[in-house]
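One structure is given below, encoded as structure tokens.
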Amino acid sequence: MRLPGYEEVVKALAAKSGLDHLSRAVVYVVSTNSKSRAYARIWGVPQPLQEALGVGPAYIIELLPDFWALSCRDKARVLAHELAHIPKTLSGSVRPHNRAFWRDYRLINARADGVCDLINSLGEGSKA
């Protein structure tokens with residue numbers, strides 16, 4: 595299920611981060627009932643699929659069931675973590691946990707304080 599409210603949260607995080615490439619990134623947020631123990635995952639749309647659909651690079655953040663039990667601040671941290679996987683090239687690939695990832699994660703996370711109001715305004719009805 596697509597979550598437009600959380601897409602707005604991601605846009606706010608990207609804007610607050612000051613990282614220009616995140617403000618230009620196309621990011622969708624979905625919720626699934628996966629059995630994974632993770633809180634969230636990020637997926638890059640592969641280039642052959644981008645070409646077939648006539649779209650540019652896009653990313654999908656998948657929120658998993660354990661995400662919904664987190665505090666607002668922890669939800670913001672998880673979203674910051676997933677955003678840090680988006681490389682500056684916006685190629686559709688996903689960045690590993692390298693030095694650039696951790697640099698961006700610390701920056702996004704440090705500026706994530708204001709998004710809790712937005713997350714709290716979504717309420718419980720915004721999850722799958």
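Each residue of the sequence shown is one higher than the last, beginning at 595 in our numbering.
We put the beta carbon where it would ideally sit given N, CA and C, even for glycine.
Taking C-beta atoms as the reference points, Ile702 and Arg689 fail to come closer than 8 angstroms. Going by C-alpha positions, Glu601 is about 11 angstroms away from Leu712.
Taking C-beta separations shorter than 7 angstroms and ignoring five residues to either side along the sequence, the partners of Leu677 in its chain run Val604, Leu607, Ala608, Leu616 and Ile702, following chain order.
The secondary-structure analysis by DSSP pairs Arg635 across a beta bridge with Glu656. Sequence-distant Cβ neighbours of Arg667 in its own chain, meaning closer than 7 angstroms and more than five residues away, are Cys710. Distance from the CA atom of Tyr622 to the CA atom of Ile654, rounded to whole angstroms, is 5 angstroms.
A direct Cα-to-Cα measurement between Asp614 and Asp698 gives close to 11 angstroms.
Non-local C-beta neighbours of Ala632 in its own chain, meaning closer than 8 angstroms and more than five positions away in sequence, comprise Leu658 and Asp660, ordered along the chain.
Annotation note: the stretch 641 to 714 contains the following uninterrupted alpha helix (DSSP H) runs of length 4 or greater, listed N- to C-terminal: 641 to 647, 666 to 677 and 693 to 704. Glu645 is classed as exposed because its beta carbon has fewer than 16 other beta carbons within 10 Å across all chains shown.
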